[in-house]
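In what follows, a structure is listed as structure tokens, so that the remarks can point back to it.
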Amino acid sequence: MMELLPPVGWADVATKRDLDQQSDRLELLIRAEFAGVATEVSRVRADFEGALRRMQTAMLSALVSVAGILIALSIFGPH
1 MMELLPPVGW ADVATKRDLD QQSDRLELLI RAEFAGVATE VSRVRADFEG ALRRMQTAML
61 SALVSVAGIL IALSIFGPH
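With the working numbering applied, the sequence shown corresponds to residues 1 to 79, in that order.
As structure tokens, this is what we get:
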């Protein structure tokens, strides 16, 4: 099996410590990326909630206006 490997020196062989260090760096990178994603999701959620509140306010205002117009027409409209 060893004869199938390309000829390399011992400097090219990764040690357990090398792999552990690489794993630690990768874990830190992944944690940083997830923190960035979580921050972005929180920002999008806040933007969405604000837009939803504005839309609800606009819809309620429109509904109250239409109801007022209909009541006024039923009272003062042509009979």
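Every residue, glycine too, gets a C-beta built ideally from N, C-alpha and C.
Please read all numbers here as calculations on a predicted model, not as lab measurements.
> Would you report the Cα separation of Ala38 and Asp18, rounded to the nearest angstrom?
Replying inline: 30 angstroms
> Mapping DSSP to helix, strand and coil, what is Gly68?
Replying inline: helix
> What is the rounded straight-line gap between the Cα of Ala51 and the Cα of Leu29?
Replying inline: 33 angstroms
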